[in-house]
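S.K.:
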Amino acid sequence: MALLELHGLTKRYGGLLAVNDVSFNVESGEVRAVIGPNGAGKTSLFHLITGVVPPTAGEVRFEGRSLSGLSPYRICQTGLSRTFQLTSLFPEMTARENCRTAAQARLAGRWRPWGGRSVFAEASRRGDAALERLGLTEMASRPAGLLSHGDQRLLEVAMALSQQPRVLLLDEPTQGLSVEETATAVETLAGLLADGSLTVLLVEHDMEVVFRLAKRITVLHRGAVIADDTPEAVKANQSVQDAYLGGYH
Amino acid sequence: MDLLPFLVTQCLNAFSQAALLFFLGVGLTLIFGIMRIVNFAHGTFYMLGAFVGYTTVRITGSFWLALVVAPLVAGSIGAAFELGLLRRLYRRDASAFLMVTFGLTLVLEEVIRLTWGVQALQVEVPDLFAGIVFLFDEPFPVYRLFLAGAGVVVAIAIWQFLERTRLGLLIRATSQNSEMVHALGVDVNMVRSGIFGIGCGLAALGGVLAAPLVTASLGMAANAIIDAFVIVIIGGMGSFLGSLIAAVLVAFVQVFGNYYFPDFALAAMYLLMLLVLVIRPGGLLGKEA
Amino acid sequence: MPLLLLVVAALLAAAPLVLPVFVLTLLTEALILGLFAMSLDLMVGYTRLISFGHAAAYGLGAYGAGYILLHSATPLPLAILAASLFAGVVAVGVAWVCTMATGVSFSMLTLAFAQLLFAIAFKWTSVTGASDGLAGIPRRAGPFGLTVFETKVGYYELALFCLGVAYVFCRALVNAPFGAVLRGIRENEAKMLSLGYNTRLYKIAVVAISFALGGLAGALYSPFAGFANTDLVYWLFSGQVLIMVIVGGQGTLLGPILGAAFFMLVQQVLSKWTESWALFFGLIFIGFVMFAPEGIWGLLSRWRVRA
């Protein structure tokens with residue numbers, strides 16, 4: 134059984150079919166990217182998986198259980214942690230506090246109205262570990278709002294990682310970065326994914342980022358899946374070439 | 115009383131009330147729509163309108179002049195306030211506006227108390243509309259008919275203003291996407307001051323029109339600001355049509371509520387608001403709050 | 029810092045030895061208002077839930093304690109506790125509705141609720157005494173024949189004790205994991221939701237706690253003043269306590285207490301030479317919002333850092 138399964142996921146906005154009968158599985162330990170030109174339905178698909186909007190038809194199953202009807206915070210509690218396309222942090226907290234707050238959400242003592250030293254200690258431990266893995270340890274005590282844009286993007290990944298998620302959902306992790314920043318961020322992420330311990334679903338329109346990070350690629354075009362294959366096969370696929378490059382140039 | 119005449123008079127009552135509520139709500143919603151500012155002082159401008167109207171009538175004897183003077187006075191104060199203070203706060207979060215306009219409320223209330231005293235002041239209904247007419251043999255004040263008519267006229271005027279004029283277009287555009295308007299090279303700052311003034315002026319216009327019915331008094335502001343907010347919340351923040359619909363809904367609830375269960379009329383209005391919020395958290399025609 | 033705080037608390041506790049009674053009365057009121065402002069700080073300063081209806085909490089406590097003391101033989105401390113709990117329980121319902129909205133709409137809903145309570149207090153003659161309010165509220169002796177609260181000094185110490193306990197409670201709360209969640213909501217509620225926090229539940233909880241403490245302040249006030257009337261639920265009072273929080277320094281707990289004291293001081297001084305002290309207070313408030321949003325507490329700490 135796959136960790137995350139999408140079954141005939143469909144979203145219709147009035148006459149517009151944003152997501153059209155999308156099905157694929159994400160296996161445990163897999164790094165899968167969903168790509169497609171702008172307007173292909175990548176963001177809508179992400180909204181459907183994370184419960185921000187309900188699907189018109191179809192369902193998402195996680196570890197065999199349906200996520201239908203669950204609100205976003207419940208879906209996150211089941212073990213899916215996400216980042217946002219537009220950076221979303223706690224700007225006045227330090228990077229460490231950002232990660233600690235993220236990790237705290239997964240601890241039984243997150244409610245504790247007094248004391249809670251052990252809760253904070255455990256949350257900080259998980260948060261610091263995540264910062265370390267993304268090479269942000271030096272930035273830990275700086276307010277998140279003052280970090281560079283590139284570090285902010287990585288901090289958001291670190292926050293998701295602090296939650297020790299079963300599946301990590303990354304929404305365009307290099308969005309808005311310069312060429313140099315993108316290169317650095319991609320190398321950091323590649324290092325993170327190298328040991329194969331993480332299950333990742335990645336939405337991205339930058340082909341180079343995708344080919345560097347993903348082992349498996351789903352190509353969306355006008356809301357529908359037109360290819361689902363290894364990076365090499367996708368590169369060689371004529372219909373992908375037509376749809377993607379045609380849409381771009 | 116027979117059912118038909120009763121319904122007709124109550125409905126007309128409600129429509130005249132809706133007109134007053136609409137003047138109150140539409141200014142607030144316009145200001146919010148374009149500036150993302152919640153003007154807590156809105157009810158106080160409404161009250162200011164009533165008092166300035168009273169003085170204008172006392173001096174000149176003309177209610178019609180009061181309808182011009184009061185909005186001008188309130189509008190200028192509002193625009194000056196935007197120019198002098200609010201403008202410096204655009205980098206801060208929304209609560210700063212709420213607080214600073216609340217401070218303005220305190221100051222204006224006190225200024226009004228010092229200027230006009232604590233007595234409620236009666237504004238006479240203009241002679242032209244002083245009488246009553248008989249509808250199905252029931253007496254009905256002409257002034258309320260006039261109010262309902264004025265509401266329709268002003269609503270159409272604002273609608274045409276938004277649809278047909280360049281400023282109206284800018285307002286609609288800015289409420290959709292203010293960055294885009296910036297990019298088009300429009301001086302958004304001037305639009306902001308203007309809108310804030312117009313919004314306050316509309317509130318004052320409502321105040322003058324309400325004065326003959328309720329007298330100009332210091333208690334006006336609190337009720338007015340709550341009514342205004344209820345309308346904007348029900349209609350949807352920033353929606354012109356929403357504020358119109360909400361004004362009518364609230365007026366009907368108030369008028370019929372007052373008749374059937376006077377002790378709970380206020381509660382009825384809140385229940386209506388609650389109902390709308392449960393069904394549509396962003397208001398009837400609003401985007402998600 | 030905690031040492032300095034203990035010293036101040038000890039000085040305040042010893043104050044009745046040297047201060048004349050009328051100053052003590054003012055100080056008691058300042059302590060009660062300080063507690064009230066601090067309770068609002070949990071919502072405004074720590075969670076960015078701007079309430080324009082916090083007088084509702086005060087009114088619930090004041091009327092609650094007054095009603096209990098007038099209609100039963102309950103000892104004073106129990107009546108105060110019961111009224112505080114009552115405010116907290118009512119707040120759960122209020123918060124459940126108000127948190128359907130966010131941001132400005134939330135503020136307006138709190139205002140609407142407070143005005144609804146005001147209208148009820150104004151109309152429900154048999155329970156609230158309508159426009160006359162409740163008068164002649166006794167400071168009943170007990171429990172165990174304790175009569176100390178009947179005296180001005182005893183009541184002052186009671187108010188000081190309540191404020192102290194409430195402060196320790198609030199400080200523990202904001203330093204605990206719960207407080208960290210509140211700060212997260214303050215800075216980015218959408219992110220908190222996506223991290224898996226049921227933010228609405230936390231907001232309802234903080235409103236209930238804030239109302240219970242605000243209710244405690246109100247419950248202390250009505251036996252102290254001997255009456256409860258609709259002024260205590262009026263929106264103007266809600267605005268005033270918000271001013272105390274902002275002027276004192278939001279998100280610091282101690283700042284709002286200072287803000288309350290400052291408010292009383294300005295009121296006392298200004299009302300000596302002008303009737304329209306509210307005008308100046310409005311101007312002071314605007315000044316703080318515009319130029320010193322961190323409040324008196326912030327100015328003090330900035331000054332301390334420089335010194």
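Chains as they are written, first to last, in the numbering used here: chain A, 134 to 382; chain B, 115 to 403; chain C, 29 to 335. Beta carbons: idealized from backbone N, C-alpha and C, even for Gly.
Which two residues bound the contiguous beta strand (DSSP E) that contains residue 138 of chain A?
M.R.: Start and end: 137-146.
S.K.: Along the chain, which unbroken stretches of the beta strand (DSSP E) at least 3 residues long are found entirely within the region 310-340 of chain A?
M.R.: Runs found: 333-336.
S.K.: Report yes if the CB atom of residue 214 of chain C is closer than 8 Å to the CB atom of residue 74 of chain C, and no otherwise.
M.R.: In contact: residue 214 of chain C and residue 74 of chain C (Cβ atoms closer than 8 Å).
S.K.: Starting from the C-beta of residue 273 of chain B, find all residues in its chain whose C-beta is less than 8 Å away, skip the five residues before and the five after it, and write them out in chain order.
M.R.: 354.
S.K.: Can you tell me whether DSSP reads residue 30 of chain C as helix, strand or coil?
M.R.: Looking at residue 30 of chain C - three-state DSSP - the assignment turns out to be helix.
S.K.: Could you tell me which residues DSSP puts in a beta bridge with residue 364 of chain A?
M.R.: Paired residues: none, contrary to the question.
S.K.: So the candidates are B/377, B/312, B/307, B/323; which of them puts its Cα closest to the Cα of residue 236 of chain B?
M.R.: Ranking B/377, B/312, B/307, B/323 by Cα distance to residue 236 of chain B puts B/323 first.
S.K.: Is it a yes or a no for the region 272-290 of chain A touching the region 143-155 of chain A, going by three-plus beta-carbon pairs under 8 Å?
M.R.: No contact exists between the region 272-290 of chain A and the region 143-155 of chain A.
S.K.: Determine which residues of the region 185-213 of chain C have a Cβ less than 9 Å from any Cβ of chain A, and write them out in chain order.
M.R.: Within the region 185-213 of chain C, the qualifying residues are 197, 200, 201, 203, 204, 205, 206, 207, 208, 209, 211, 212.
S.K.: Quick one: using the 10 Å Cβ neighbour count with 16 as the cut-off for buried, is residue 382 of chain A buried or exposed?
M.R.: Confidence in residue 382 of chain A is poor, its pLDDT being 42 and thus under 50, which makes the residue's placement too unreliable to answer from.
S.K.: Note down, in chain order, every chain C residue with its Cβ under 7 Å from the Cβ of residue 249 of chain A.
M.R.: Residues of chain C passing the Cβ test: 204, 205.
S.K.: What are the boundary residues of the beta strand (DSSP E) that includes residue 185 of chain C?
M.R.: No beta strand (DSSP E) contains residue 185 of chain C, which is instead part of the alpha helix (DSSP H) from 180-203.
S.K.: Alpha carbon to alpha carbon, how far is residue 113 of chain C from residue 318 of chain C?
M.R.: Using only the alpha carbons, I get a separation of about 37 Å.
S.K.: Three Cβ pairs or more, each shorter than 8 Å: is that satisfied between the region 260-271 of chain A and the region 249-256 of chain C?
M.R.: No, because fewer than three Cβ pairs between the region 260-271 of chain A and the region 249-256 of chain C fall closer than 8 Å, the two stretches do not touch.
S.K.: Could you tell me which residues DSSP puts in a beta bridge with residue 350 of chain A?
M.R.: According to DSSP, which records beta bridges pairwise, residue 350 of chain A is partnered with A/166, A/362.
S.K.: Using the C-alpha atoms, what's the distance from residue 219 of chain B back to residue 150 of chain C?
M.R.: Cα-Cα distance, rounded: 24 Å.
S.K.: So, is residue 139 of chain B buried or exposed, given that buried needs 16 or more other C-beta atoms within 10 angstroms?
M.R.: With 16 or more Cβ atoms within 10 Å of its Cβ, residue 139 of chain B is classed as buried.
S.K.: Just to check, is the beta-carbon of residue 281 of chain B closer than 7 Å to a non-hydrogen atom of the ligand HEM?
M.R.: Judged by which ligands are present, the structure shown has none, so any question about the ligand HEM falls away.
S.K.: Please confirm if residue 231 of chain C has its CB atom under 8 Å from at least one CB of chain A.
M.R.: Taking Cβ atoms only, chain A never reaches closer than 8 Å to residue 231 of chain C, which makes this a no.
S.K.: Over the uninterrupted beta strand (DSSP E) stretch that includes residue 190 of chain A, give me the two end residues.
M.R.: 190-195 is the span of the beta strand (DSSP E), which, as asked, contains residue 190 of chain A.
S.K.: Could you check what DSSP says for residue 382 of chain A in three-state terms: helix, strand or coil?
M.R.: Only weak support is given to the placement of residue 382 of chain A: the predicted model assigns it a pLDDT of 42, under 50, and the value that follows is read from those uncertain coordinates. Here residue 382 of chain A sits in coil by DSSP.
S.K.: Return the chain-ordered ranges of every alpha helix (DSSP H) run that is complete within the region 223-257 of chain A and spans a minimum of 4 residues.
M.R.: You should have 228-237.
S.K.: Short check: CB of residue 167 of chain A to CB of residue 181 of chain A, under 8 Å?
M.R.: No, the Cβ-Cβ distance between residue 167 of chain A and residue 181 of chain A is not below 8 Å.
S.K.: Does residue 276 of chain A come out as helix, strand or coil in the three-state DSSP assignment?
M.R.: Note: residue 276 of chain A maps to strand in three-state DSSP.
S.K.: Ignore the nearest five residues each way along the sequence and tell me which others in residue 240 of chain A's own chain have a CB closer than 7 Å to its CB.
M.R.: Once the five neighbours on either side are set aside, the close Cβ partners of residue 240 of chain A are 252, 255, 256.
S.K.: Check each candidate in A/170, A/237, A/290, A/203 and name the one with the smallest Cα separation from residue 218 of chain A.
M.R.: Out of A/170, A/237, A/290, A/203, A/290 has the C-alpha closest to the C-alpha of residue 218 of chain A.
S.K.: Measuring only the C-alpha atoms, how far is residue 127 of chain B from residue 67 of chain C?
M.R.: Computed Cα separation, rounded: 44 Å.
S.K.: May I ask you to report which of helix, strand or coil DSSP gives residue 403 of chain B?
M.R.: A caution first: residue 403 of chain B carries a pLDDT of 41, below 50, which makes its placement in the model unreliable, though a value can still be read off. Residue 403 of chain B falls in the coil class under three-state DSSP.
S.K.: Just to confirm the assignment, what range does the beta strand (DSSP E) spanning residue 317 of chain C have?
M.R.: Note, residue 317 of chain C: premise wrong, no beta strand (DSSP E); alpha helix (DSSP H) at 305-319.
S.K.: What residues in its chain sit with their C-beta under 8 Å from that of residue 204 of chain A, if we drop five residues either side in the sequence?
M.R.: Cβ neighbours of residue 204 of chain A beyond the five flanking positions: 184.
S.K.: If residue 391 of chain B and residue 119 of chain C are in contact, beta carbons under 8 Å, what's the gap, nearest whole angstrom?
M.R.: So it is not a contact: roughly 18 Å between Cβ atoms.
S.K.: Taking DSSP's pairing of strands, which residues face residue 215 of chain A in a bridge?
M.R.: Paired residue(s): A/302.
S.K.: Got a sec? Which residues, its chain only, sit under 8 Å from residue 223 of chain A by beta carbon, not counting five neighbours each side?
M.R.: So the list reads 230, 231, 234, 277, once near-sequence residues are dropped.
S.K.: For a cutoff of 8 Å on Cβ pairs, would you count residue 238 of chain A as touching chain C?
M.R.: So, interface residue.
S.K.: Report all residues from its chain with a CB closer than 8 Å to the CB of residue 229 of chain C; omit the five preceding and five following residues, and keep chain order.
M.R.: No residues qualify anywhere along the chain.
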